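Heads up: the structure comes next, in structure tokens.
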Amino acid sequence: MLSFLRRHFLTGLLAITPLAITSWILWRMYYLVSEWVQPWVQKVPGLGETYPEFVLTMMGFTVFALAIIIVGMFTRNLIGMAFFGLVERFFARIPVVKSLFSAIKQLSEVFLQDRRTAFQKVVLFQYPRQGLFSIGFVTRDETDELLVNVFLPTTPNPTSGYLLLVPREDVRVLDIPVEEAIKLIVSGGAIMTRQQAQSMGVKALDLREKATAYEPGEDAESD
Numbered sequence: 000m001l002s003f004l005r006r007h008f009l010t011g012l013l014a015i016t017p018l019a020i021t022s023w024i025l026w027r028m029y030y031l032v033s034e035w036v037q038p039w040v041q042k043v044p045g046l047g048e049t050y051p052e053f054v055l056t057m058m059g060f061t062v063f064a065l066a067i068i069i070v071g072m073f074t075r076n077l078i079g080m081a082f083f084g085l086v087e088r089f090f091a092r093i094p095v096v097k098s099l100f101s102a103i104k105q106l107s108e109v110f111l112q113d114r115r116t117a118f119q120k121v122v123l124f125q126y127p128r129q130g131l132f133s134i135g136f137v138t139r140d141e142t143d144e145l146l147v148n149v150f151l152p153t154t155p156n157p158t159s160g161y162l163l164l165v166p167r168e169d170v171r172v173l174d175i176p177v178e179e180a181i182k183l184i185v186s187g188g189a190i191m192t193r194q195q196a197q198s199m200g201v202k203a204l205d206l207r208e209k210a211t212a213y214e215p216g217e218d219a220e221s222d
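For the sequence shown, numbering that gives the first Met the number 0 begins at 0 and goes up steadily by one.
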């Protein structure tokens with residue numbers, strides 16, 4: 000009975016936790032916009048007396064989103080790049096802050112940047128030795144080059160890892176979206192689906208058969 004209750008409690012906790020955390024983040028964002036942006040919106044003549052508080056908060060969200068878009072446009076020109084580069088160098092000089100700033104920046108680059116250019120596809124390859132397989136992300140793949148640039152992330156922190164140059168014939172593309180592969184790595188493989196496991200098994204068998212075909216025979220070893 001105790002095992003039954005514990006198993007279902009953990010299952011329910013696993014289902015509720017991401018919903019609770021996401022709801023809390025959204026509520027905090029709503030609260031911050033309501034506290035900081037809404038007073039400025041209310042100062043616009045006629046808005047405070049005409050529209051209810053919720054509508055003013057939604058207007059504040061719109062203003063906040065437009066401000067972020069303007070910042071993004073600013074950072075894409077030379078002046079903006081120089082300005083934010085100066086700010087980053089300033090934070091990098093502060094002993095404790097630089098570690099926190101660097102970690103947050105790496106997380107943002109992994110989860111917020113355009114993955115169509117950052118991580119092109121998910122691949123399986125043999126590493127760190129034959130018979131063991133790792134999942135990585137292709138970061139550069141030119142058809143006229145013999146090697147493929149593969150980023151091998153670490154578990155459970157996918158923001159760190161290794162850059163490997165793998166021969167093109169030694170990688171197999173997995174039919175897994177980049178976002179799903181990141182979740183798989185963060186969970187340490189705990190959320191792997193049966194379909195993903197079967198696909199990896201087929202690709203791994205293909206790689207092992209290829210490696211076996213190229214192994215030298217006894218005659219070659221004796222020579």
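Glycine is no exception: its CB is placed at the ideal position from the N, C-alpha and C atoms. Remember, it's a predicted structure, so these values are computed and weren't measured experimentally.
- Taking a contact as a CB-CB distance under 8 Å, the pair residue 163 and residue 151 counts as one, their CB atoms being some 6 Å apart.
- Taking a 10 Å sphere around the C-beta of residue 183, we find 16 or more other C-beta atoms and assign the residue as buried.
- Around the CB of residue 42, fewer than 16 other CB atoms lie within 10 Å, so the residue is classed as exposed.
- For secondary structure counted as the alpha helix (DSSP H) over 4 or more consecutive residues, the stretch 6-45 holds these complete runs in sequence order: 37-41.
- For residue 78, the enclosing alpha helix (DSSP H) has its first and last residue at 77-91.
- Between residue 2 and residue 185, the alpha-carbon positions lie close to 27 Å from each other.
- Here the alpha carbons of residue 76 and residue 82 stand approximately 10 Å from one another.
- Using a Cβ distance threshold of 8 Å, residue 146 and residue 134 do not count as a contacting pair.
- Secondary structure of residue 197 (DSSP, three-state): helix.
- For residue 125, the beta-bridge partners assigned by DSSP are 132.
- Separation of residue 95 and residue 206 (C-alpha to C-alpha, rounded to the nearest whole angstrom) is 46 Å.
- By the Cβ rule, the stretch 85-92 does not count as touching the stretch 136-145, because fewer than three pairs are nearer than 8 Å.
- Taken atom to atom, the span from the alpha-carbon of residue 50 to that of residue 177 is near 43 Å.
- By the beta-carbon neighbour count (other beta carbons within 10 angstroms, threshold 16), residue 56 is buried.
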